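Presented below is the structure to which this report refers.
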Amino acid sequence: MILKYFENPNCSGQENSPLCIIIGFAGGSERLIKCYSNLWSKRGFNCLVFCQDTVEFNSFFYFDYSIKMVEFIENYNKNKNPNQIICFQSFSLGCTLFSCFLKYIQDNKQYSYILKLIKGTVYDSGPLVNEKDYLCGYYATFGTVTNIDKYLISPYSEKPFQFIYECWEYQCKNYYPYLISPNNKWNHLVITSPNDMVTISIETFLEQLITNNTSLKQFQNNNNNNNNNNNNNNNNNNNNNNNNNNNNNNNNNNYNQKFLLIKKVFNSDHCCHLLLNPKEYGESLNHFIDLLFNKSKL
1 MILKYFENPN CSGQENSPLC IIIGFAGGSE RLIKCYSNLW SKRGFNCLVF CQDTVEFNSF
61 FYFDYSIKMV EFIENYNKNK NPNQIICFQS FSLGCTLFSC FLKYIQDNKQ YSYILKLIKG
121 TVYDSGPLVN EKDYLCGYYA TFGTVTNIDK YLISPYSEKP FQFIYECWEY QCKNYYPYLI
181 SPNNKWNHLV ITSPNDMVTI SIETFLEQLI TNNTSLKQFQ NNNNNNNNNN NNNNNNNNNN
241 NNNNNNNNNN NNNNYNQKFL LIKKVFNSDH CCHLLLNPKE YGESLNHFID LLFNKSKL
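For the sequence shown, this note's numbering gives the first residue as 1, with consecutive numbering after it.
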């Protein structure tokens, strides 16, 4: 596992600066994941980045990683600022690590206050919702999916890395419910694609989010034409964003309290949305961050 902290040099100090924790996809390199942290850094965020090998993405390691995240947050917010801003961006199977983290802080009540610090989550090419998704992810990692229905009824002995699949299946059943918990009272951005052959059950995830959390209101971001001017201003005025971190931290009224669920659809493959749509991806993320601070409208 690679764990890196990227501090924004323009931030006024970590006590007053928002934090984004980025959990990469299985096998995602530091170079690839840093492309995403750069987008957050431009908006005044410090970033903690997790990059993990494929084998590390299993339940044997997840609680250790969750503890590392909690320890980092505790140290980052050592003054217990109740208005600290924390966002998460997770990809594919990395969303399951995020769900394990949510389970950990709710099971350990001394850390449950962290839930109130989370202001937004971005799900890119995830999460994996059910057995079909995990089978697609498994065979996308270790082979080619030719007939998913065949694999659903195949004996487990046909899977060459059976222990990894069993870990992923366990995670799906035991951690996933924490992603759709009514306790998750913050804004969500779900980035998906009809060409994503791994997260084929993403509509189920969206439906469960809305059903379980009545404070969420769903929107679909079909285009960014109305946001381009705002985004250009954001990109050209990073100093204003960074200098305003203290005001944002000390005034929760700046946040949109309607808790939005935004669906952004690309036509690219699994975990390739930024690579193939860099401009539109950046605009969508900037718009989401603006909504967190109530600086933009849908």
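For every residue, glycine included, the Cβ atom is placed at its ideal position computed from N, Cα and C.
Here the structure is a predicted model, which is why all the values come from computation and not from measurement.
Hey, out of D107, F25 and P18, whose CA is closest to N81's CA?
As a first step, residue 81 is located in the sequence shown; it is residue number 81 there, counting from the start. Closest option to N81, Cα to Cα, is P18.
So which of N183, V190, T199 and I180 has the shortest CA-CA distance to A140?
As a position in the sequence shown, residue 140 is number 140, starting the count at 1. Nearest option by C-alpha distance: T199.
Per DSSP, what are the beta-bridge partners of V129 in this structure?
The count along the sequence shown starts at 1 and reaches residue 129 at position 129. DSSP lists no partner for V129.
Would you check if the stretch 70-79 and the stretch 91-98 touch, i.e. whether three or more CB-CB distances between them fall below 8 Å?
Not touching, per the Cβ criterion.
To the nearest angstrom, how far is the alpha carbon of C51 from that of Y36?
The residue given as residue 51 occupies position 51 in the sequence shown. The residue given as residue 36 occupies position 36 in the sequence shown. Taking the straight line from one Cα to the other gives about 12 Å.
Do L260 and N187 have their beta-carbon atoms positioned less than 8 Å apart in this structure?
Working through the sequence shown from its first residue, we reach residue 187 at position 187. Working through the sequence shown from its first residue, we reach residue 260 at position 260. Closer than 8 Å, so yes.
Hey, how far is the Cα of Q110 from the Cα of V70?
Here residue 110 refers to the residue found at position 110 of the sequence shown. Here residue 70 refers to the residue found at position 70 of the sequence shown. Answer to the nearest angstrom: the Cα atoms are 11 Å apart.
To the nearest angstrom, how far is it from the Cα of L3 to the Cα of I23?
To locate residue 3, count along the sequence shown from 1; it is residue 3. To locate residue 23, count along the sequence shown from 1; it is residue 23. For the pair L3 and I23, the Cα-to-Cα distance works out to about 10 Å.
Straight-line gap, N73 to L102 (C-alpha atoms, nearest Å):
Position 73 of the sequence shown, counting from 1, holds the residue named residue 73. Position 102 of the sequence shown, counting from 1, holds the residue named residue 102. Residue 73 is actually Ile in this sequence, not Asn. Between I73 and L102, the C-alpha separation is close to 13 Å.
At what residues does the alpha helix (DSSP H) containing I105 begin and finish?
As a working note, residue 105 is residue 105 in the sequence shown. Counting along the chain, I105 sits inside the alpha helix (DSSP H) bounded by residues G94 to D107.
At what residues does the alpha helix (DSSP H) containing Q208 begin and finish?
Numbered from its first residue, the sequence shown carries residue 208 at position 208. Segment I202 to N212, the alpha helix (DSSP H) holding Q208.
Can you grab the Cα-Cα spacing for the pair C100 / C272, in whole Å?
As a position in the sequence shown, residue 100 is number 100, starting the count at 1. As a position in the sequence shown, residue 272 is number 272, starting the count at 1. Approximately 24 Å between the Cα atoms of the pair.
Using three-state DSSP, classify Q171 as helix, strand or coil.
Looking up residue 171 in the sequence shown gives position 171. In this structure, Q171 counts as helix in the three-state DSSP scheme.
Determine whether the beta carbon atoms of V49 and Y123 lie at a separation below 8 Å.
Taking the first residue of the sequence shown as 1, we reach residue 49 at position 49. Taking the first residue of the sequence shown as 1, we reach residue 123 at position 123. In this structure, the beta-carbon distance from V49 to Y123 does not fall below 8 Å.
Give the DSSP-derived three-state secondary structure of N38 in the structure shown.
In the sequence shown, counting from the first residue as 1, residue 38 sits at position 38. Helix at N38.
Does N251 come out as helix, strand or coil in the three-state DSSP assignment?
As a working mapping, residue 251 is identified with position 251 in the sequence shown. Per-residue confidence for N251 stands at a pLDDT of 41, beneath the threshold of 50, marking its modelled position as unreliable; the derived number appears in the next sentence. Coil.
If you count every other CB in all the chains shown that lies within 10 Å of the CB of N225, and 16 or more means buried, which is it?
Locating residue 225 in the sequence shown gives position 225, where the first residue counts as 1. Note that N225 scores 40 on pLDDT, short of 50, meaning its location in the model is unreliable; the coordinates nonetheless yield the value given after this. Residue environment analysis places N225 among the exposed positions, since fewer than 16 neighbouring C-beta atoms fall within 10 angstroms of its C-beta.
Closer than 6 Å by C-beta to D269: which residues in its own chain qualify, once you throw out the five before and the five after it? Chain order, please.
Position 269 of the sequence shown, counted from the first residue, corresponds to residue 269. Correct list, in chain order: N195.
Figure out for me which residue from L291, Q208 and L275 has the closest Cα to the Cα of L338.
Outside the shown range of the chain, which is 1 to 298, sits residue 338, and nothing can be said about it.
Should T211 be labelled buried (16 or more other beta-carbon atoms within 10 Å of its own) or exposed?
In the sequence shown, residue 211 corresponds to position 211, counting from 1. Exposed is the call here.
Contacts around S41, its chain only, beta-carbon distance under 7 Å, and the 5 residues preceding and following it disregarded:
Your numbering for residue 41 matches position 41 in the sequence shown. Closer than 7 Å at the Cβ level, and outside the excluded window around S41, lie F6, N8 and C47.
With DSSP as the reference, please indicate the residues paired to G137 in a beta bridge.
Position 137 of the sequence shown, counting from 1, holds the residue named residue 137. Paired residues: none, contrary to the question.
Buried or exposed for T214, please, with buried defined as at least 16 other CB atoms from any protein chain shown within 10 angstroms of its CB.
In the sequence shown, counting from the first residue as 1, residue 214 sits at position 214. Of the other Cβ atoms in all chains shown, fewer than 16 fall within 10 Å of the Cβ of T214; this residue is therefore exposed.
What residues match up with T121 in a beta bridge as DSSP calls it?
As a working note, residue 121 is residue 121 in the sequence shown. Answer is F88 and H188, bridged to T121.
Could you pull the start and end residues of the alpha helix (DSSP H) that K279 belongs to?
Here residue 279 refers to the residue found at position 279 when the sequence shown is read from its first residue. That run of the alpha helix (DSSP H) goes P278 to L292.
Between the Cα of N183 and the Cα atoms of D107, E30, N221 and F266, which residue gives the shortest distance?
Mapped onto the sequence shown, residue 183 falls at position 183. The shortest CA-to-CA distance from N183 to any of D107, E30, N221 and F266 is the one to D107.
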